[in-house]
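Report on the following structure.
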Amino acid sequence: MNANKGKPLLVADEYTFKLNKATTTTKYWICTINGCAAKVHTNLNNGLMKTVGNHSHLPGKEKLEVREAREKITYF
């Protein structure tokens, strides 16, 4: 899934994470909600390796559904 500006997003347990940085073996993701301390580490294939911290908010299921619907729309 991609963010509005085409940057990669990761969805885990109905929470969205944006790519913060990547190394040769690991991708580091941070929660898309400002001020939230939750982070995720994945391998290069986005396989979950580690979760760090807790979310300071509820999952954004509705926003996730809207984002998925927008990706399915074909623009001419």
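Each step along the sequence shown adds one to the number in the UniProt record's numbering, with nothing skipped, and position 70 is 70.
Where a beta carbon is used, it is the ideal one built from N, C-alpha and C, also for glycine.
As the structure is a prediction and not an experimental result, all values here were calculated from the model.
Test item: CB-CB of residue i and residue j under 8 Å
i   : j   : result
T16 : T26 : no
K39 : G53 : yes
N46 : L9  : no
Where residue i falls: helix, strand or coil (DSSP)
i   : result
L44 : coil
A37 : coil
T25 : coil
E32 : It is Thr, not Glu, that sits at residue 32 in the sequence shown. DSSP places T32 in coil when its eight states are reduced to three.
P8  : strand
N54 : coil
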